[in-house]
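>
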Amino acid sequence: MYVEDLTTIRANPALAKLLGIPVDANASLSAPNDERPTNFKVYQDGRELAPEELAMQYATTHGVEILDSEIEVVRDDGVRINLSQYAAPLFDEDGKVRGCVSIFLDITQRNQAEKKLQAARDQLQTVLEAVPGIVSWVSSDLCYLGVNKHLADSFNLPPEAFVGQDIGFLASGNGFREFVQNFFARDESEALYELKSISADRSYLIVAQKYDWNRAAFLIGIDITEQKRVEEELRKKTEELAEINRVKDEFVAVLSHELRTPIHNLHGWAQLLLTESEMDEALKIEGLETIERNARLQVRLIDDLLDLARMQKGEMNLEIEPVDLASVIRSAADTIRLSAETKGIQIQLHLDAAVSNVLGDAIRLQQVVWNLLSNAIKFSSKNESVEVRLEQIESQAQITVIDRGRGIEAEFIPFVFERFSQRDASTTRSAGGLGLGLA
4 MYVEDLTTIR ANPALAKLLG IPVDANASLS APNDERPTNF KVYQDGRELA PEELAMQYAT
64 THGVEILDSE IEVVRDDGVR INLSQYAAPL FDEDGKVRGC VSIFLDITQR NQAEKKLQAA
124 RDQLQTVLEA VPGIVSWVSS DLCYLGVNKH LADSFNLPPE AFVGQDIGFL ASGNGFREFV
184 QNFFARDESE ALYELKSISA DRSYLIVAQK YDWNRAAFLI GIDITEQKRV EEELRKKTEE
244 LAEINRVKDE FVAVLSHELR TPIHNLHGWA QLLLTESEMD EALKIEGLET IERNARLQVR
304 LIDDLLDLAR MQKGEMNLEI EPVDLASVIR SAADTIRLSA ETKGIQIQLH LDAAVSNVLG
364 DAIRLQQVVW NLLSNAIKFS SKNESVEVRL EQIESQAQIT VIDRGRGIEA EFIPFVFERF
424 SQRDASTTRS AGGLGLGLA
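Residue numbers (the numbering used here): 4 to 442.
1) Indicate whether residue 326 and residue 361 have their beta-carbon atoms separated by less than 7 Å.
2) Using DSSP with H/G/I as helix, E/B as strand and the rest coil, what is residue 9?
3) Hey, out of 58, 74, 73 and 75, whose CA is closest to residue 67's CA?
4) Identify the residues that DSSP records as bridge partners of residue 147: which are they?
5) Flag this pair as touching only if the stretch 198 to 216 and the stretch 178 to 186 have three or more C-beta atom pairs under 8 Å; answer yes or no.
6) Note down, in chain order, each residue of its chain lying with its Cβ closer than 6 Å to the Cβ of residue 366, except the 5 sequence neighbours on either side.
7) Please name the residue or residues paired with residue 402 in a DSSP beta bridge.
8) Does the stretch 100 to 112 come into contact with the stretch 39 to 54, if we say contact requires no fewer than three beta-carbon pairs (one atom in each stretch) closer than 8 Å?
9) Taking the alpha-carbon of residue 32 as reference, which of 48, 10, 49 and 69 has the nearest alpha-carbon?
10) Taking 8 Å as the threshold, find out whether the stretch 139 to 147 comes into contact with the stretch 166 to 178 through three or more Cβ pairs.
11) Measuring straight from C-alpha to C-alpha, what distance separates residue 234 and residue 308?
12) Taking the CB atoms as reference points, tell me whether residue 336 and residue 350 lie closer together than 7 Å.
13) Per DSSP, what kind of secondary structure is residue 183 in: helix, strand or coil?
14) If you drop the 5 nearest sequence neighbours on each side, which residues of the same chain put their C-beta closer than 7 Å to that of residue 429?
15) Start and end of the alpha helix (DSSP H) containing residue 16?
16) With DSSP as the reference, label residue 348 as helix, strand or coil.
17) So, residue 136 versus residue 223, is the Cβ gap smaller than 7 Å?
18) If you compare alpha carbons, which of 186, 43 and 378 is closest to residue 80?
19) Just to confirm before moving on: does the CB-CB distance between residue 64 and residue 85 stay below 7 Å?
20) Between residue 34 and residue 14, is the Cβ-Cβ spacing less than 7 Å?
21) Distance cutoff 7 Å, beta carbons only. Does residue 189 sit that close to anything in chain D?
22) Quick one: is residue 270 buried, meaning 16 or more other Cβ sit within 10 Å of its Cβ, or exposed?
23) If contacts are defined as beta-carbon pairs under 8 Å, then residue 444 and residue 281 qualify, I think. What distance do you get, rounded to the angstrom?
24) Determine the direct distance from the alpha carbon of residue 88 to that of residue 94, and round the result to whole angstroms.
25) Skipping 5 residues on each side, what residues in its chain have a beta carbon closer than 6 Å to that of residue 187?
26) Just how far apart, CA to CA, sit residue 189 and residue 217?
27) I need the boundaries of the alpha helix (DSSP H) containing residue 168, first residue and last residue.
28) Can you tell me where the alpha helix (DSSP H) with residue 67 in it begins and where it stops?
29) With residue 154 and residue 138 assumed to form a contact (beta carbons below 8 Å), what rounded beta-carbon distance in angstroms separates them?
30) Verify whether the separation of the beta carbon atoms of residue 12 and residue 47 is less than 7 Å.
31) What does residue 60 pair with, by DSSP beta-bridge criteria?
32) Tell me which residue opens and which closes the beta strand (DSSP E) that residue 85 is part of.
33) Tell me the start and end of each unbroken alpha helix (DSSP H) in the stretch 307 to 365 that is at least 4 residues and wholly inside, in chain order.
34) Out of 401, 407 and 373, which one is the CA nearest neighbour of residue 382?
35) Please report the distance separating the alpha-carbon of residue 386 from that of residue 345.
36) Straight-line CA distance for residue 178 to residue 76?
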């Protein structure tokens, strides 16, 4: 684009096409009314620029260069164009400004891609904040790439204060930096580490997962302080010492397995959202839904652990009131129905309307029914059915959950209501869970 004076600006064919004006038209917004183009306006940072604020007019008036000025051209047909502009004044032999030349770069697609990527990052950050633990992602040179708010709050710092810092800049002596350093040096793509926070006296189970061709890793830490305290108390009971050690080892193995699966999905989709600027909208939504679903799964695992800790400390309070058991059963069935439909399992309810209300805690009763239904669906074959019956036996109400799964071995029945009890506690089992539901 070339300007002879503030009222006359000539555009080349490419710019004229972007502005939606004829090639021979005057492109100056400072031109007289009968020559001034009226089909577009120029904005910067959301504010419409006055003619004298436009780069070419300013450069001509003040005799200065304008470098990398980003503007948005909004045409009256609704088209928005982002341009990066360079403007330089032209001087005559006496050093006076005789005109101006300007070069424009169309950065519309780049800006749109950046906005989409930023939106994806913002959505990912929102989801990561929902994860019930400390989350960080680090580079192979042991610097923070980012952290979630839970981790930042534990040090009373904003999340951005961590970016670019060495992972040991706030704490040392707990082996964390050495663990991450050795993790990147080894061939495996995932690892577990139990971290003891010396300053806060907290314990975390750190699940590490590499991504970006092993140049970075996600680190998700779950606070297991209460669990560790419970385990320490149990170890003090000499009579049960051997059994308690066995239970602890199996629990850590099961917990590792149960956390690893959702983290695989979290890190995989997170990598795509962070690196793919032109991701299809439907695929992006699918990824965010997968991350949100796996975050909810981790919330349920942590809730089970917290419930266990409350029961052991005698802090599990019950809200006793009249309860309609039929309503409780329907709510539990609705909650689990999607899992059942995924396996083609039908939930059949046979509820006797004559059963009177009982005194109890509706939320905990629903949790009981949900756990029984969840187990029934988990161990049922595809396309089977699960029944729930409610009936009155003399002065009591009886709830029965019936499935056609493989059943429980007779020798295991005495242990079925003990915490962490599982018929097959190996991490290669096909069914998940921590063995806390029935307990």
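In this text, a Cβ means the ideal position worked out from N, Cα and C, and glycines have one as well.
Since the structure is predicted, the reported quantities are computational estimates derived from the model, not experimental observations.
Let me spell this out:
1) yes
2) coil
3) 58
4) 141
5) yes
6) none
7) 393
8) no
9) 10
10) yes
11) 12 Å
12) yes
13) helix
14) Note that residue 429 scores 49 on pLDDT, short of 50, meaning its location in the model is unreliable; the coordinates nonetheless yield the value given after this. There are no such residues.
15) 16 to 22
16) coil
17) yes
18) 43
19) no
20) no
21) As a matter of chain content, chain D is missing from the structure shown, which is built from one protein chain.
22) buried
23) Outside the displayed range of the chain (4 to 442) lies residue 444, so it cannot be described from this structure.
24) 20 Å
25) 143
26) 10 Å
27) No alpha helix (DSSP H) contains residue 168, which DSSP labels as neither H nor E.
28) Per DSSP, residue 67 belongs to no alpha helix (DSSP H) and is neither H nor E.
29) 6 Å
30) no
31) For residue 60, which the question treats as bridged, DSSP gives no partner whatsoever.
32) 83 to 94
33) 328 to 345
34) 407
35) 10 Å
36) 55 Å
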